[in-house]
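Residue numbers (this note's numbering): 13 to 81.
Beta carbons are placed, not taken as given, at the ideal position from N, Cα and C, and that holds for glycine.
As the structure is a prediction and not an experimental result, all values here were calculated from the model.
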C-alpha cells in the first residue's frame, strides 16, 4: 500500500472511497458535512470507509450517527 502524500489536518473528518484497487481519502471540516458527503457516496453505490476525526495521532469520533434526513 502506498503512503499518502499529504498531511492530515487536526480536527478534520476523513473517510475513504474505494474505487477498484485505489482508495481516495476525502476530508471535510465539519462532522455534519462529512456525514452528508459519506452518505451521498453510499447512496451512489460506492464502497466507503468512515475514518473519523483526526486528532494528530489517531482517529477519534469513529462512529456514525443514524440520523434521518
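Assignment of residue 76 by DSSP, reduced to helix, strand and coil, places it in the coil class. Classified as exposed, residue 72 has fewer than 16 neighbouring CB atoms from the shown chains inside 10 Å of its CB. Under a 10 Å Cβ-count criterion, residue 63 is classified as buried, with 16 or more other Cβ atoms of the shown protein chains found around its own Cβ. For residue 30 and residue 37, the gap between their C-alpha atoms comes out near 9 Å. For the set 46, 39, 22 and 27, the Cα lying nearest the Cα of residue 61 is the one of 27.
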